[in-house]
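Enquirer: Starting off with a structure, shown below.
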Amino acid sequence: MKTFSATPADIDKKWIIIDAEGVVLGRLASIVAMRLRGKHKPSFTPNMDMGDNVIVINADKIQMTGKKRDEKFYWHTGHPGGIKSRTKQEILEGAHPERVVYQAVKRMLPGNRLSRKQMTNLRIYAGTEHGHDAQSPEVLDVKSMNKKNTRS
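Take the sequence shown: its position 127, counting from 1, is numbered 127 in full-length UniProt numbering, and each next residue is one higher.
Structure (structure tokens):
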């Protein structure tokens, strides 16, 4: 039996919408990263972009455990001499709360060209409105997935 290796003709991408309201940031990021890479598919091939297009709504209403909202900092702007510190709470209350989810998902993917391509399949919105109704996305219930995996 030969090992299956997907080609671009074998790839079937879906559109998935995830409501981030009340979901812990790390759990959300790991589920989104898995969907972006395509590891949930039985025909997963590591060198192909097999993942789905993921839409995350209500990014400003995510949960964090412990004191991470107040004590976890983002430090650098990316430019030389660009050290600036902001807490996650300041970013969530600011103009771009979706950046917290974006960074969490980006850091769960491998750091290569393929993951940069896969990050283009991610759309994050702070509110409930999104402009992707024409793609007829399927709703993925992340809250029920977390309840099955946690211990009582």
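Just so it is clear, CB atoms sit at the ideal spot from N, CA and C, and this is done for glycine as well. It should be emphasised that the depicted structure is a prediction, and the values quoted were computed from it without experimental measurement.
When the Cα atoms are used, what is the spatial distance from Ala33 to His96?
Expert: In a straight line, the C-alpha of Ala33 is about 20 Å away from that of His96.
Enquirer: Please classify Asp70 as buried or exposed, where buried requires at least 16 neighbouring CB atoms within 10 angstroms.
Expert: It counts as exposed.
Enquirer: Can you give the beta carbon distance from Lys106 to Val23, rounded, assuming they're within the 8 Å contact cut?
Expert: Wrong, their Cβ atoms sit about 18 Å apart, outside the cutoff.
Enquirer: Indicate the three-state DSSP secondary structure (helix, strand or coil) for Tyr102 in the structure shown.
Expert: In this structure, Tyr102 counts as helix in the three-state DSSP scheme.
Enquirer: Just to confirm the assignment, what range does the beta strand (DSSP E) spanning Lys67 have?
Expert: First-last for Lys67: undefined, no H or E at that position.
Enquirer: Let me check understanding here. Comparing Cα to Cα, which of Ile18, Asp12, Phe44 lies closest to residue 153?
Expert: Nothing can be reported for residue 153: it is not among the residues displayed for the chain, which extend from 1 to 152.
Enquirer: Ile11 by DSSP, collapsed to three states: which one?
Expert: If DSSP states are grouped into helix, strand and coil, Ile11 belongs with coil.
Enquirer: Please classify Glu138: does DSSP put it in a helix, a strand, or coil?
Expert: DSSP places Glu138 in strand when its eight states are reduced to three.
Enquirer: In chain order, what residues of the same chain have a beta carbon less than 8 Å from the beta carbon of Gly78, not counting five sequence neighbours either side?
Expert: Nothing listed; no residue qualifies.
Enquirer: Output needed for Ile11: all residues of its chain with C-beta closer than 7 Å, excluding positions within five of it in sequence on either side, in chain order.
Expert: Once the five neighbours on either side are set aside, the close Cβ partners of Ile11 are Met48, Met50.
Enquirer: May I have the straight-line CA-CA distance separating Ser152 from Leu140, to the nearest angstrom?
Expert: Model confidence at Ser152 stands at a pLDDT of 48, short of 50, so the residue's coordinates are unreliable; what they give is reported in the following sentence. The alpha-carbon atoms of Ser152 and Leu140 are separated by roughly 23 Å.
Enquirer: Short check: CB of Gly38 to CB of Asp52, under 9 Å?
Expert: Cβ atoms of Gly38 and Asp52: closer than 9 Å.
Enquirer: Would you tell me roughly how many angstroms separate the C-alpha atoms of Tyr102 and Thr3, rounded to the nearest one?
Expert: The alpha-carbon atoms of Tyr102 and Thr3 are separated by roughly 34 Å.
Enquirer: Go ahead and pull the three-state DSSP assignment for Val56.
Expert: Of the three classes helix, strand and coil, the one that applies to Val56 here is strand, per DSSP.
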